[in-house]
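Here is the structure we will look at, set down as structure tokens.
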């Protein structure tokens with residue numbers, strides 16, 4: 053077997069034997085970025101649940117109103133779309149603190165997680181008022 057092929061096989065085997073990343077104590081930048089992305093994914097799943105609940109409550113509110121007074125669910129949808137654009141732009145701007153560096157994606161993911169958690173809390177509070 054050629055030396056290049058042997059080296060390639062060793063490199064390909066490494067990910068299969070790699071240990072799980074300890075997000076409570078990440079060591080390397082790649083691990084920190086991975087953990088920040090996982091935080092954002094978790095926050096995004098919570099956001100989707102909070103939005104679904106708030107939208108259902110807005111739809112119920114609309115259902116009890118005369119047709120010419122409905123619109124709560126639609127305004128919530130518009131607000132959510134605008135908020136997503138805001139979040140992404142705000143986090144891209146925050147990422148510029150590390151622009152071009154290996155930490156830039158981590159900063160963006162961390163920002164997205166933080167703002168998404170705040171938005172989830174806002175949506176849950178809104179749903180509770182209805």
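Numbering (our numbering), first residue to last: 53 to 182.
C-beta atoms are modelled at their ideal positions from N, C-alpha and C, and glycine is treated no differently.
Small disclaimer: the values here were computed from a predicted structure and weren't measured.
Please report the straight-line C-alpha distance between residue i and residue j, rounded to a whole angstrom.
i           : j           : result
residue 123 : residue 130 : 11 Å
residue 103 : residue 79  : 34 Å
residue 62  : residue 127 : Reliability fails at residue 62, whose pLDDT of 47 lies under 50, so the model's placement of it is uncertain and no value is given.
residue 84  : residue 75  : 7 Å
residue 156 : residue 110 : 37 Å
residue 92  : residue 81  : 16 Å
residue 117 : residue 152 : 52 Å
residue 108 : residue 101 : 11 Å
Under 8 Å, do residue i and residue j count as touching if we go by C-beta distance?
i           : j           : result
residue 106 : residue 178 : yes
residue 171 : residue 99  : yes
residue 149 : residue 159 : yes
Could you give the C-beta distance for residue i and residue j, rounded to a whole number, given that I count them as a contact under 8 Å?
i          : j           : result
residue 88 : residue 173 : Actually they are not in contact, since the Cβ atoms of residue 88 and residue 173 sit about 20 Å apart, beyond 8 Å.
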